[in-house]
Amino acid sequence: MMQKTEQTIVRNEVFISKAEELIPQFFEQKVQAKHIIDVAPNPNVIHGWEVNTIESANSMTNHDYGKGDTVVLDFGTHLVGYLSMNIKPVGSPPDAPLHLKLTFGEMPVEMAEPFSEYDGWLSSSWLQEEVMHIDVMPTKLELPRRYSFRYLKIEVLNTSPKYRVSFENITCKTVTSADQSRVKKLNHKDPLIEQIDQVSIKTLEDCMQEVFEDGPKRDRRLWLGDLRLQALANYETFETNDLVKRCLYLFAGVPEENGKVAANLFIAPTLIADDTYLFDYSLLFTTTLFDYYEATKDKETLIDLWPLAYKQVELALERLDNNGIVKDDETWWSFIDWHENLNKQAPSQAILIYTMRRAIQLAKIVNSDKSDFLTEKLQDVIEATMSHLWDEDQGFFVSGKDRQISWATQIWMVHAEVLDAENSRKLMNHLLTTKPEIGLTTPYMHHYLVEALLLVSEREQAVSQLKAYWGEMIKDGADTFWELYDPENKDFSPYGSYLINSYCHAWSCTPTYLIRKYNL
């Protein structure tokens with residue numbers, strides 16, 4: 004569970020105004036249902052349910068439905084938008100309201116397993132369904148809520164014995180702030196890499212709304228960890244760089260009184276910083292600003308946001324103990340990954356070093372007097388890391404009082420360049436050979452795994468990992484990449500149920516960045 008803290012927010016109205024001036028243009032498209040389907044049990048597919056096509060959705064005009072009838076539709080691809088349909092009475096004039104239930108799903112399992120049996124710790128209100136009464140027919144039903152789905156289940160709960168209903172022109176008006184025309188075609192010689200790239204782009208596209216959302220099904224919020232990866236993918240594809248700029252200004256608009264940046268923001272009905280603060284995510288504000296400047300050379304924005312970016316490093320340094328190591332106790336929270344047994348101390352130490360390196364470069368660009376201090380402090384932190392977290396006998400960095408060895412720790416230490424290039428390469432090969440028990444549970448950390456391999460010039464292994472992980476997700480039916488995926492435990496959910504997992508998730512979109520940035 005993420006830690007909540009009492010907070011006093013200081014609103015920077017100048018920054019908030021700059022963010023509001025950057026509200027993006029939206030692109031809309033109307034997509035009609037493609038097929039009537041059946042969802043049937045199959046123990047050999049993910050979640051135990053497979054889709055069988057019955058007939059074209061165009062045949063809906065030939066069918067009518069009464070009390071207890073159900074029809075399931077497949078739109079052919081993942082969509083984010085607004086549903087509409089025409090409803091007509093069949094038979095006698097309607098002498099009672101139509102009682103209708105609509106269920107939206109990103110995956111077949113959401114069409115098969117009843118939401119009433121959900122028993123996770125996240126609110127069941129995120130499960131996508133609507134129950135309504137329709138008094139006047141014929142009518143055009145237009146739902147005001149935005150949904151994230153591929154599949155739609157229509158259940159007629161009741162009519163009356165005198166009439167039935169038919170459904171026509173079942174359409175989703177999709178919305179995104181991503182302009183597909185800006186994406187350069189890849190035309191990769193490897194068809195799987197080509198497909199992974201396309202699914203990555205689709206994932207990013209569906210998460211690009213008024214801000215870079217973490218997931219259009221849930222939470223629909225601007226999270227810093229997701230933003231950092233979305234921005235990287237965006238620079239290689241849509242180049243909607245003003246949306247990155249807008250998100251940075253939104254975070255800078257509502258810091259805590261001491262300057263700490265929240266892990267995520269609510270945008271509506273007004274800008275609100277969530278009361279969740281994460282050690283690693285706050286530092287990723289600085290990293291995301293660095294990436295943005297590298298992509299745009301927008302010095303005006305850098306000068307505006309540099310003081311807050313530096314503040315995140317300053318606050319993180321205050322968390323170091325007398326040995327120069329991040330304190331690991333109950334007073335903090337760092338995300339890193341969803342593995343329930345992962346100790347966060349060493350990977351957080353590495354993220355601090357990683358961020359300090361980028362803060363030093365930014366300090367030099369803006370001619371800040373903090374450059375020398377950061378440079379000196381960086382060496383101190385690296386020396387402390389090698390003295391207290393490096394285990395020479397095991398050839399791994401360790402974390403926490405139990406000296407845990409995890410994948411995440413080694414990966415982040417490589418990104419932080421704590422070791423030289425050759426020893427970083429040896430560390431990554433040692434990791435892949437030894438396979439510590441505390442592994443990776445999210446595409447978020449798999450991104451950093453693949454990029455770490457690229458950073459140490461293990462290109463073939465990087466491609467192999469990318470294809471094995473995201474390619475396996477595609478084999479399991481992904482048309483957008485998922486929030487969570489463990490090939491060894493495909494029902495994994497940190498929330499208590501895979502029904503509420505997000506199956507289009509921002510932090511999963513980075514294969515397109517890796518493929519295009521590194522010419523894979």
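The working numbering puts the sequence shown at residues 4 to 523.
Here a beta-carbon is modelled for each residue, glycine too, at the ideal position from N, C-alpha and C.
Please read these numbers as outputs of a predicted model, since none were measured by experiment.
C-alpha distance - residue i paired with residue j, whole-angstrom precision
i                 : j                 : result
glycine 69        : phenylalanine 118 : 22 Å
glutamate 213     : histidine 102     : 34 Å
alanine 234       : isoleucine 270    : 18 Å
valine 417        : methionine 431    : 8 Å
lysine 7          : asparagine 190    : Low confidence applies here, because lysine 7 scores a pLDDT of 45, under 50, leaving its location unreliable; read the following figure in that light. Between lysine 7 and asparagine 190, the C-alpha separation is close to 46 Å.
asparagine 492    : isoleucine 49     : 10 Å
methionine 4      : glutamate 321     : Any reading at methionine 4 must be qualified, since the residue scores a pLDDT of 36, below 50, and its modelled position is unreliable; the value itself is stated next. Each residue's Cα considered, the two are about 24 Å apart.
leucine 517       : serine 128        : 35 Å
leucine 452       : alanine 43        : 36 Å
tyrosine 238      : alanine 298       : 7 Å
glutamate 216     : alanine 276       : 15 Å
glutamate 133     : serine 62         : 24 Å
aspartate 340     : methionine 140    : 50 Å
glutamate 116     : tyrosine 150      : 19 Å
valine 421        : lysine 176        : 49 Å
glutamine 364     : leucine 377       : 10 Å
lysine 165        : glycine 94        : 7 Å
valine 178        : arginine 519      : 25 Å
threonine 289     : tryptophan 510    : 18 Å
phenylalanine 254 : phenylalanine 30  : 25 Å
tyrosine 85       : serine 371        : 48 Å
arginine 249      : threonine 358     : 21 Å
Residue i at chain B interface by Cβ criterion, 8 Å
i              : result
asparagine 432 : This model lacks chain B altogether, as it is built from one protein chain only.
As assigned by DSSP and simplified to three states, the class of residue i
i                 : result
phenylalanine 29  : coil
cysteine 512      : coil
threonine 177     : strand
histidine 136     : strand
tyrosine 498      : coil
glutamine 348     : helix
threonine 279     : strand
methionine 5      : In this prediction, methionine 5 scores a pLDDT of 40, lower than 50, which makes its location untrustworthy; the coordinate-derived value is nonetheless stated afterwards. If DSSP states are grouped into helix, strand and coil, methionine 5 belongs with coil.
arginine 519      : helix
phenylalanine 293 : helix
asparagine 504    : coil
valine 83         : strand
serine 184        : helix
phenylalanine 118 : helix
threonine 11      : coil
tyrosine 68       : strand
tyrosine 488      : coil
tryptophan 335    : coil
tryptophan 410    : helix
asparagine 426    : helix
serine 402        : strand
leucine 101       : strand
valine 421        : coil
serine 128        : helix
tryptophan 52     : strand
asparagine 172    : strand
Cross-strand partners of residue i (DSSP beta bridge)
i                 : result
histidine 38      : Ser59, Asp77
lysine 156        : Val75, Thr106
arginine 167      : Val93
isoleucine 19     : Partner(s): none; isoleucine 19 has no beta bridge.
phenylalanine 288 : BP columns for phenylalanine 288 are empty, so no partner.
valine 329        : Leu323
asparagine 267    : Trp226
methionine 88     : Leu144
asparagine 190    : Answer by DSSP bridge pairing: none, since asparagine 190 is not bridged.
asparagine 161    : His102
Sub-8 Å separation of residue i and residue j beta-carbons
i              : j                 : result
tryptophan 3   : phenylalanine 400 : There is simply no residue 3 to check, as the chain begins at 4 and stops at 523 in what is shown.
lysine 37      : threonine 483     : no
tyrosine 506   : glutamate 145     : no
leucine 287    : leucine 305       : no
serine 180     : glutamine 28      : yes
glutamine 315  : valine 369        : no
valine 168     : proline 92        : yes
glutamate 158  : lysine 104        : yes
leucine 268    : tyrosine 295      : no
isoleucine 173 : alanine 99        : no
isoleucine 196 : leucine 502       : no
tyrosine 154   : valine 202        : no
proline 258    : valine 54         : no
Proximity test, residue i beta-carbon vs the ligand SAM heavy atom, cut-off 7 Å
i           : result
proline 141 : In the structure shown, the ligand SAM is absent, as is every other ligand, since no ligand is present at all.
Whole alpha helix (DSSP H) elements within the stretch 366 to 399, 4-residue minimum: 374 to 391
Counting only runs of 4+ residues fully inside the stretch 435 to 470, write out the alpha helix (DSSP H) ranges in chain order. 446 to 458
Taking only runs of the alpha helix (DSSP H) that begin and end inside the stretch 207 to 263, which ones reach a length of at least 4 residues, in chain order? 227 to 239, 244 to 256
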